[in-house]
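**Student:** I have a structure here, written as structure tokens, and I will follow up with some questions on it.
In my numbering, the protein residues as written are 105 to 445.
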């Protein structure tokens, strides 16, 4: 399918550096965004108005996650080299030349934070501090548990990557999930729809954790996994690699079903549509690919020329798609128009 910019219905501008993550509120009225500018922002989907800016992170904010009831927002921070447009793209591993504008220098070490925000007041409810960068967070489907993951990607072989689980009501640490003492950096997390399994994408593979026991159920794939997403019915798990591939896994059998190509760069984010028929993959190559889950075909491509796309999210009703990118913008797309329907 040809690349398209058809279907763009809104652009939210306010961040001053790359938008690293976007998420819709459970009722679909609000988009939360996090950025390399160290802020979290809330946007009105209907009007495009910036509702609030949340300050408190000492470093780039990599993930935002709404609680299932929409009353809380989790965000995490840590340093990472964030390329800025325009870039020269090729297969992963080739040279790329960013402009000087947003080249992010290695900061002076500061405690990185996982922050839990009360959205009724726009204030911090509590936070946890870490020596290593934090890159990802997710609420369990029942809203009782908050998971966060990270590590130190500047280390070789001993990044201290792990997943931490907290009781949302009390703030108490319930478990630390780590396959071994010196585990790889954890880049992305996703709970299964029934809440029994937690998938973590890390610098070496993808791990499936039994949430009740904290034990590793399976380690899938080889090579760095940068993004993970469960299908709404929980039968499929998608993972995105640093090599530009999207892998589809049978969760019951822990076996790979298919490998989808086409991206030329790291797959930073994945999202299934609420009805499970479409999978969106966002990449450093400046594209979002929309895949038909049944046929495994590309049905549409959104292209932002030489602008890495860090995040993608479907609205709860499946009608809108949000993207966050290195040009500091959040874009909303009409899914039906993008698909040519």
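For glycine and all other residues, C-beta sits at the position ideal for the given N, C-alpha and C. Just so it is clear, the structure is predicted and the values come from calculations on it, not from any experiment.
In the DSSP assignment, find the unbroken beta strand (DSSP E) run with residue 168 in it and report its ends.
**Tutor:** For the purposes of this step, residue 168 is taken as residue 64 along the chain shown, with counting starting at 1. Unbroken beta strand (DSSP E) run through residue 168: 165 to 170.
**Student:** Ends of the alpha helix (DSSP H) at residue 441?
**Tutor:** Taking the chain shown and counting its residues from 1, one reaches residue 441 at position 337. Counting along the chain, the alpha helix (DSSP H) containing residue 441 begins and ends at 439 to 442.
**Student:** Tell me where the beta strand (DSSP E) around residue 145 begins and ends.
**Tutor:** Position 41 of the chain shown, counted from the first residue, corresponds to residue 145. Per DSSP, residue 145 belongs to the beta strand (DSSP E) from 144 to 148.
**Student:** Under 8 Å between the Cβ atoms of residue 266 and residue 255?
**Tutor:** In the chain shown, counting from the first residue as 1, residue 266 sits at position 162. In the chain shown, counting from the first residue as 1, residue 255 sits at position 151. Yes, these two residues count as a Cβ contact at 8 Å.
**Student:** Does DSSP put residue 231 in a helix, in a strand, or in coil?
**Tutor:** Counting from one through the chain shown, the residue named residue 231 turns up at place 127. Three-state DSSP puts residue 231 in a strand.
**Student:** Following the continuous beta strand (DSSP E) through residue 320, name the residue where it begins and the one where it ends.
**Tutor:** Reading the chain shown from its first residue, position 216 is the one you call residue 320. Its beta strand (DSSP E) spans residues 320 to 324.
**Student:** Just mark residue 146 as buried or exposed, buried being the case when its beta carbon has 16 or more other beta carbons within 10 Å.
**Tutor:** Against the chain shown, residue 146 aligns to sequence position 42. That one is buried.
**Student:** Can you give me the C-alpha to C-alpha distance between residue 179 and residue 144, rounded to a whole angstrom?
**Tutor:** Start at 1 with the first residue of the chain shown, and residue 179 comes out as number 75. Start at 1 with the first residue of the chain shown, and residue 144 comes out as number 40. Near 8 Å, if we compare the C-alpha coordinates of residue 144 and residue 179.
**Student:** Mark residue 173 as exposed unless 16 or more other C-beta atoms lie within 10 angstroms of its C-beta, in which case mark it buried.
**Tutor:** For the purposes of this step, residue 173 is taken as residue 69 along the chain shown, with counting starting at 1. The residue is exposed, with fewer than 16 neighbouring Cβ atoms inside 10 Å.
**Student:** Using only CA atoms, which one of 299, 318, 297, 311 lies nearest to residue 280?
**Tutor:** Stepping through the chain shown from its first residue, residue 280 is reached at position 176. Looking at the Cα atoms, 318 is the closest of the given residues.
**Student:** By how many angstroms is the C-alpha of residue 410 removed from the C-alpha of residue 205?
**Tutor:** The residue you call residue 205 lines up with position 101 of the chain shown. The residue you call residue 410 lines up with position 306 of the chain shown. Low local confidence applies: a pLDDT of 37 at residue 205 is under 50, so the model's placement there is unreliable, with the coordinate-based value given in what follows. Those two C-alpha atoms are separated by around 15 Å.
**Student:** List the residues that DSSP assigns as beta-bridge partners of residue 361.
**Tutor:** On the chain shown, position 257 is the one that residue 361 refers to. According to DSSP, which records beta bridges pairwise, residue 361 is partnered with nothing at all.
**Student:** Based on Cα-Cα distance, which residue from 414, 374, 360 lies nearest to residue 432?
**Tutor:** As a working mapping, residue 432 is identified with position 328 in the chain shown. Considering only alpha carbons, the answer is 414.
**Student:** Tell me the DSSP secondary structure of residue 329 in three-state form.
**Tutor:** What you label residue 329 is simply residue 225 of the chain shown in a count that begins at 1. Three-state DSSP puts residue 329 in a strand.
**Student:** How about residue 176 and residue 229: do their beta carbons lie closer than 8 Å?
**Tutor:** Taking the chain shown and counting its residues from 1, the one referred to as residue 176 is at position 72. Taking the chain shown and counting its residues from 1, the one referred to as residue 229 is at position 125. Cβ atoms of residue 176 and residue 229: closer than 8 Å.
**Student:** Just how far apart, CA to CA, sit residue 154 and residue 337?
**Tutor:** Translated into the one-based positions of the chain shown, residue 154 becomes position 50. Translated into the one-based positions of the chain shown, residue 337 becomes position 233. Straight-line Cα distance between these residues: approximately 33 Å.
**Student:** Check for me: the beta strand (DSSP E) holding residue 424 runs from which residue to which?
**Tutor:** Taking the chain shown and counting its residues from 1, one reaches residue 424 at position 320. Counting along the chain, the beta strand (DSSP E) containing residue 424 begins and ends at 424 to 429.
**Student:** Would you list the residues sitting across from residue 305 in a DSSP beta bridge?
**Tutor:** Taking the first residue of the chain shown as position 1, residue 305 is located at position 201. Assignment of beta-bridge partners to residue 305 by DSSP yields 292, 310.
**Student:** Spatial neighbours of residue 109 within its chain, please: C-beta separation below 6 Å, excluding the five flanking residues on both sides.
**Tutor:** Against the chain shown, residue 109 aligns to sequence position 5. Here the set comprises nothing.
**Student:** CA-CA distance, residue 340 and residue 302?
**Tutor:** Residue numbering aside, residue 340 sits at position 236 when the chain shown is read from its first letter. Residue numbering aside, residue 302 sits at position 198 when the chain shown is read from its first letter. Whole-angstrom Cα-Cα distance: 13 Å.
**Student:** When DSSP labels each residue in this structure, what does residue 161 get in the three-state scheme?
**Tutor:** The residue you call residue 161 lines up with position 57 of the chain shown. Three-state result, residue 161: coil.
**Student:** Leaving out the 5 sequence neighbours to the left and right, which residues in its chain are closer than 7 Å to residue 242 when beta-carbon positions are compared?
**Tutor:** Position 138 of the chain shown, counted from the start, is the residue given in the question as residue 242. Setting aside the 5 residues that flank it on each side, residue 242 is surrounded in the same chain by 169, 251, 293, 294, 295, each with a C-beta closer than 7 Å to its C-beta; the list follows chain order.
**Student:** Could you compute how far the alpha carbon of residue 199 sits from the alpha carbon of residue 222?
**Tutor:** Working through the chain shown from its first residue, we reach residue 199 at position 95. Working through the chain shown from its first residue, we reach residue 222 at position 118. Any answer about residue 199 is weak, because its pLDDT of 31 lies below 50 and its placement is not dependable; what the coordinates show is given next. Rounded to whole angstroms, residue 199 and residue 222 show a C-alpha spacing of 43 Å.
**Student:** Return the chain-ordered list of same chain residues with a C-beta closer than 7 Å to the C-beta of residue 120, the five sequence neighbours on each side being excluded.
**Tutor:** As a position in the chain shown, residue 120 is number 16, starting the count at 1. For residue 120, same chain residues with a beta-carbon under 7 Å away, outside a window of 5 residues either side, are 141, 432 in chain order.
**Student:** Skipping 5 residues on each side, what residues in its chain have a beta carbon closer than 6 Å to that of residue 311?
**Tutor:** For the purposes of this step, residue 311 is taken as the residue at position 207 of the chain shown. Only 304, 320, 323 meet the Cβ criterion.
**Student:** According to DSSP, is residue 236 helix, strand or coil?
**Tutor:** On the chain shown, position 132 is the one that residue 236 refers to. Residue state, collapsed to three classes: coil.
**Student:** DSSP three-state call for residue 117: helix, strand or coil?
**Tutor:** Sequence index remark: in the chain shown, residue 117 carries index 13 (1-based). If DSSP states are grouped into helix, strand and coil, residue 117 belongs with the strands.
**Student:** Between residue 327 and residue 351, how many whole angstroms is the CB-CB distance? I'm expecting something under 8 Å.
**Tutor:** Residue mapping note: residue 327 aligns to position 223 of the chain shown, counting from 1. Residue mapping note: residue 351 aligns to position 247 of the chain shown, counting from 1. The pair is not a contact, with the Cβ atoms about 10 Å apart (cut-off 8 Å).
**Student:** Expressed to the nearest angstrom, what Euclidean distance is found between the alpha-carbon atoms of residue 374 and residue 386?
**Tutor:** Mapped onto the chain shown, residue 374 falls at position 270. Mapped onto the chain shown, residue 386 falls at position 282. So the two alpha carbons sit approximately 6 Å from each other.
**Student:** Could you tell me if residue 233 is buried or exposed, where buried requires 16 or more neighbouring beta carbons within 10 angstroms of its beta carbon?
**Tutor:** For this step, residue 233 is matched to residue 129 along the chain shown. It counts as exposed.
**Student:** Grab the span of the beta strand (DSSP E) containing residue 354 for me, first residue to last.
**Tutor:** By one-based count along the chain shown, residue 354 stands at place 250. Start and end: 350 to 354.
**Student:** Select from 355, 271, 181 the residue whose C-alpha is nearest the C-alpha of residue 236.
**Tutor:** Within the chain shown, residue 236 is the residue found at index 132, counting from 1. For the residues 355, 271, 181, the minimum Cα distance to residue 236 belongs to 181.
**Student:** Please tell me whether residue 442 and residue 398 are closer than 8 Å, where the distance is taken between their beta carbons.
**Tutor:** Numbered from its first residue, the chain shown carries residue 442 at position 338. Numbered from its first residue, the chain shown carries residue 398 at position 294. No, Cβ-Cβ distance for residue 442 and residue 398 is not below 8 Å.
**Student:** Look up residue 396 in the DSSP assignment and give the residues it is bridged to.
**Tutor:** In the chain shown, counting from the first residue as 1, residue 396 sits at position 292. According to DSSP, which records beta bridges pairwise, residue 396 is partnered with 382.
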